[in-house]
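Q: The structure under discussion is supplied below as structure tokens; questions concerning it will follow.
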Amino acid sequence: MDESPAEPAPVPKVSNGWADRTPEELVAKSIAPVKKQFLCPPPIRACSNEQNDAVSGGKTKPAQTSVVKEKKSKRQLKRERQQAVKSAVGICPEVAKRGDVSRCPYNDKCRFSHDIEAYKAQKPEDIEGDCPFMTAQETCPYGLACRFLGSHKDGVEAGDVSAHRRISEMNGLSKDVQKLLWKNKVKFPKADAKLKALGLLGHANSKIKILENKKDDQVISNNCHVTDGNGCTELPNNSDDKMEFAAEIREENGVDETFSLDESRPLKKPRSVIEEEILSGEVDDGGVNATAEVVEPSCTSPEPEATADIVSPESDRSLKLHPREKKLIDFREKLYLAPLTTVGNLPFRRVCKGLGADITCGEMAMCTNLLQGQASEWALLRRHSSEDLFGVQICGAYPDTVARTVELVNQECTVDFIDINMGCPIDIVVNKGAGSALLTKPMRMKGIVQAASGTVDCPITIKVRTAYFEGKNRIDSLIADMGNWGASAVTIHGRSRQQRYSKLADWEYVYQCARKAPDALPVLGNGDIFSYLDWNKHQAECPELSTCMIARGALVKPWIFTEIKEQRHWDISSGERLNILKDYVRLGLEHWGSDTKGVETTRRFLLEWLSYTCRYVPVGLLEVIPQRLSWRPPSYFGRDDLETLMASDSAADWVRISEMLLGKVPDGFTFAPKHKSNSYDRAENG
């Protein structure tokens, strides 16, 4: 058990500019009021600027003098990957699993190396500790490539990576669907029907669809053996002929959809009648419940069923759920971990779940990337089995893009809700018309929410900011209609896009919006929650708020969920904080792998997280409790060496912490955080 002394050894008086100020003066300047006996002079650096030091090989270099790597072209990167595969580093995964060259089914034709001795010669030394898979009483799926090989009880005996992930993780994109997305062959009948009903399907798209449908009809009629007067196909009685006929249809149409040969299609109403009913409000055209199916290689003809007395959703549109009849999520007083870019990955969410979080949400994923089948973007939607109430967050600029993404995610993933980001302040997102840019286009916001909510039965929530420009709040004028659009909940970040993360969140405006919202629409608040007192204050001052979303506060101290549930200020020791980091590393190795690639991926994300945790000031060192999220900590000594190390804002010290958990960094290792770690008002997340 790690024990920390209550007080450090006496230190000489420092003159860093803060020791002579009163706690009230420091708080007024947003400086954390650390007790004077813990203060120390600020570190001397060669160059002072906004960014943290860049790290190379574990040594500190000023960011201004650090060498910026030249951006490599795709051709260069591809060439390097091919060279790595052919070298001893790129050992065949099948050979690495068992340590047996004969295990590879490709033999000499394999593009990976089969030289086990050469691989062992260049492999970095094992990391101290136990393999995360062995501690979980499982078989390590990486075998010879595992960096904890020495802790394997059965030597190189390996398991199956995909089997392990199937058990604990879900929401992976299948290769078949990914290939169809690459070829742009996936159809979205629900989304297109709803977009057409709302008048949001572009004319060009409509003409293309019409031409495609006519072409398909011609192909089917040309391949029919016999047709009646209405153009309907009379199928042969022989079951073998039926199978051949179905195969011919699939060949002509690609593998986009499956036809059920023994089911009669429901009769269609004349188009004019349908249009009249839509205009009169009697029928919602977005209720067409057609499903896009991917044809499997070994599909069989369905068994005949009696369909006379069965009313299908396609024929009875009244079976479509009304937005108010959708499954509702009870957000009230639940601890909601916000979707956080980069750091809010699956291992981090598992850590927060263990510390008391109730609701988790995946990192923001761009709709266009998901529709293109990008594996890196689909990885953001992965869910662990421990996340019992889980949602994904998507971001798009247009109703058709968002609606099709929602349909695809609902079909391929298991989620409890889908959140649409309409508040992201990052320039690259806003410049594409997504995120906060939508706040300037309320009609497009309406179209996106209506199209998404009408496409799927899964609850659709939205996340917004107060406005685009500071001082021009407008969400209060839209909040009353958002429920009618189809939103199941709204989260309001109490800042404008122009503010980014500067100044304090405007909670009074959040309260105003919550009071204006209809009773059926849950409103969640977000911004600057960093202690259980902040949580209690917002819940008490505005009972209309369902709950509060916790974002940066969880990055700096993920045990905030424990503090809220236990209603206390946790003076956590450096040893307890290190144990949380150890848990994160273990979960990261389970998720990204225990081979060299997985270890370095875990290290990168750990370093990104450490660039936030260094802002935490222990409770026992503060003159005023609790710490505020906007406070900047001065240079101070911790109560032990580890606490002092964790308080450092130098990237070199973060690398030292990572080496305590993941071994030495490789030669040529460099790291600089993706965000400006010292710019507290410009953190790129949330």
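Just so we're aligned, residue 1 is where the sequence shown starts under the UniProt record's numbering, counting upward by one.
For every residue, glycine included, the Cβ atom is placed at its ideal position computed from N, Cα and C.
Could you name the residues that DSSP lists as bridge partners for residue 34?
A: 622
Q: When the Cα atoms are used, what is the spatial distance from residue 361 to residue 616?
A: A direct Cα-to-Cα measurement between residue 361 and residue 616 gives close to 24 Å.
Q: Have a look at 548, 481, 459 and flag the residue whose alpha-carbon is nearest the alpha-carbon of residue 494.
A: 548
Q: Residue 373: which of 643, 349, 405, 477 sits nearest, CA to CA?
A: 405
Q: From what residue to what residue does the beta strand (DSSP E) around residue 361 run?
A: 360-366
Q: State the start and end residues of the unbroken beta strand (DSSP E) segment that holds residue 395.
A: Where residue 395 is concerned, the enclosing beta strand (DSSP E) stretches over 390-395.
Q: Got a sec? Which residues, its chain only, sit under 7 Å from residue 442 by beta carbon, not counting five neighbours each side?
A: 478
Q: Can the beta-carbon of residue 97 be found closer than 8 Å to that of residue 103?
A: Result yes, Cβ atoms of residue 97 and residue 103 sit closer than 8 Å.
Q: Pick from 385, 387, 371: whose alpha carbon is nearest that of residue 394?
A: 371
Q: Look up residue 421 in the DSSP assignment and say whether it is helix, strand or coil.
A: strand
Q: Kindly list the residues whose CB is nearer than 7 Å to the CB of residue 131, restricted to its own chain and excluding five residues on each side of it in sequence; keep chain order.
A: Taken in chain order, the residues that qualify are 140, 146, 148, 151, 152, 594.
Q: Could you check whether the region 432-442 touches the region 450-459, counting it as contact only if at least three pairs of C-beta atoms, one from each stretch, sit closer than 8 Å?
A: no
Q: Considering only the alpha carbon of each residue, which of 403, 542, 350 lies closest to residue 582?
A: 350
Q: How would you call residue 557, buried or exposed, if buried means at least 16 neighbouring beta carbons within 10 angstroms?
A: buried
Q: Report all residues from its chain with a CB closer than 6 Å to the CB of residue 532; omit the five preceding and five following residues, and keep chain order.
A: 563, 564, 567
Q: For a cutoff of 8 Å on Cβ pairs, would you count residue 374 as touching chain E?
A: In the structure shown, chain E cannot be found, because there is only a single protein chain.
Q: Three or more beta-carbon pairs under 8 Å between the region 631-641 and the region 371-391, yes or no?
A: no
Q: Taking residue 697 as the reference, which of 490, 591, 502, 385 has the closest Cα?
A: No answer is possible for residue 697: it lies beyond the span of the chain, which begins at 1 and ends at 686.
Q: Determine, using beta-carbon pairs with one atom in the region 466-486 and one in the region 404-420, whether at least three such pairs fall under 8 Å.
A: no
Q: Would you grab the beta carbon distance between residue 627 and residue 32 for me? Rounded to a whole angstrom, and I think it's under 8 Å.
A: 6 Å
Q: Mind checking who residue 113 pairs with in its DSSP beta bridge?
A: 91
Q: Report the CB separation of residue 554 from residue 352 in whole angstroms; it is logged as a contact under 8 Å.
A: 6 Å
Q: In the DSSP output, what is residue 525 paired with across the bridge?
A: 492, 548
Q: Between which two residues does the alpha helix (DSSP H) holding residue 613 run?
A: 596-613
Q: With DSSP collapsed to three states, give me the class of residue 501.
A: coil
Q: So, using beta-carbon positions, are residue 347 and residue 363 closer together than 8 Å?
A: no
Q: Just confirm the distance between the C-beta atoms of residue 520 and residue 483, as a whole number of angstroms; I'd bet it's less than 8 Å.
A: 6 Å
Q: Just to confirm the assignment, what range does the beta strand (DSSP E) spanning residue 753 have?
A: One cannot answer for residue 753 here, as it falls past the ends of the chain, which runs 1 to 686.
Q: Given a threshold of 16 other Cβ atoms within 10 Å of its Cβ, counted over all protein chains shown, does residue 540 qualify as buried or as exposed?
A: exposed
Q: Taking all protein chains shown into account, do 16 or more other C-beta atoms lie within 10 angstroms of the C-beta of residue 344, making it buried, or fewer, making it exposed?
A: Sixteen is the threshold: when 16 or more other Cβ atoms of the shown chains lie within 10 Å of the Cβ of residue 344, as they do, the residue is buried.
Q: For a quick check, are the C-beta atoms of residue 358 and residue 334 less than 8 Å apart?
A: yes
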